[in-house]
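Here's the structure we're looking at; comments come further down.
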């Protein structure tokens, strides 16, 4: 029996800041595809995070609330939601450690995509409806999270294209923020309105973020399952 890779998953705090919280769907997606999830402690200790980066086989930056705009050089706008600076600093510190190592697979989902972009020096829209320059499709769907509500165009030849074997994916949409300026990595999927839906790091075997929630789709969507399967395989072999 082959060893199951250990995958660290970032988590947030509940409203009273007493408990760490993590959606079970991230954990279930990892276990279903053959790995063991490890919920990371919410620490900003660089030495401790470097130890996790050494010991674990891969990392999933999970979804959650908004990132404090101070971390990408902006003041908070009225339409920005509640923020958790401790989680922000925890994830940004970990992301920069992993970017320096370049030897661990990384998957970012929704907020996770945005955090990775900020760690690379980019920024995000604090609120798409009030800040996006063009005409938007609906990015906060009213349907269940299990429903794929809009298409994304995948860049031919990208890692995402190689994983899914598709140039067009149907995805769910549960966000009001998104990447504004992608810095240091390549956009590999966009929505019909031009909003960035996925990005990947060139020259890295597996460092990718997606704006949608494949952990809610993989049971019925082969492309979402392929994303997790390829991620777990990379965690096993890198």
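In my numbering, the protein residues as written are 1043 to 1280. Built from N, CA and C at the ideal position, the CB exists for glycine as well.
Which word fits residue i, buried or exposed, when buried means at least 16 other C-beta atoms lie within 10 angstroms of its C-beta?
i, result
"residue 1115", "exposed"
"residue 1258", "buried"
"residue 1167", "buried"
"residue 1263", "buried"
"residue 1164", "buried"
"residue 1108", "buried"
"residue 1097", "exposed"
"residue 1117", "exposed"
"residue 1260", "buried"
"residue 1210", "exposed"
"residue 1150", "buried"
"residue 1256", "buried"
"residue 1252", "buried"
"residue 1045", "exposed"
"residue 1268", "buried"
"residue 1047", "buried"
"residue 1154", "buried"
"residue 1199", "exposed"
"residue 1123", "exposed"
Restricting to Cα atoms, I'd like to know which of the options is closest to residue i.
i, options, result
"residue 1052", "1103, 1213, 1260", "1103"
"residue 1185", "1158, 1215, 1177, 1157", "1215"
"residue 1217", "1064, 1079, 1121", "1121"
"residue 1100", "1146, 1213, 1119", "1146"
"residue 1079", "1279, 1239, 1274", "1274"
"residue 1158", "1083, 1221, 1278, 1192", "1221"
"residue 1060", "1128, 1192, 1190", "1128"
"residue 1136", "1093, 1232, 1239", "1093"
"residue 1113", "1055, 1106, 1266, 1132", "1132"
"residue 1161", "1224, 1191, 1119", "1224"
"residue 1233", "1193, 1266, 1227", "1193"
"residue 1074", "1279, 1271, 1278, 1280", "1271"
Which residues share a DSSP beta bridge with residue i?
i, result
"residue 1242", "1228, 1250"
"residue 1157", "Partner(s): none; residue 1157 has no beta bridge."
"residue 1102", "1051, 1149"
"residue 1167", "1220"
"residue 1108", "1125"
Check your understanding: Residue ranges of each alpha helix (DSSP H) run of no fewer than 4 residues wholly in the stretch 1180 to 1226, ordered along the chain?
Key -> 1201 to 1206
Exercise for review: Identify every run of the alpha helix (DSSP H) within the stretch 1123 to 1153, keeping only runs that are complete inside it and at least 4 residues long; order them along the chain.
Suggested key: 1127 to 1143
Review point. Does the stretch 1128 to 1147 come close enough to the stretch 1205 to 1214 to have 3 or more Cβ pairs within less than 8 Å?
Key: no
**Study point:** Any 3 or more C-beta pairs closer than 8 Å across the stretch 1235 to 1252 and the stretch 1062 to 1082
**Key:** no
Check your understanding: Residue ranges of each beta strand (DSSP E) run of no fewer than 3 residues wholly in the stretch 1055 to 1089, ordered along the chain?
Key -> 1078 to 1081
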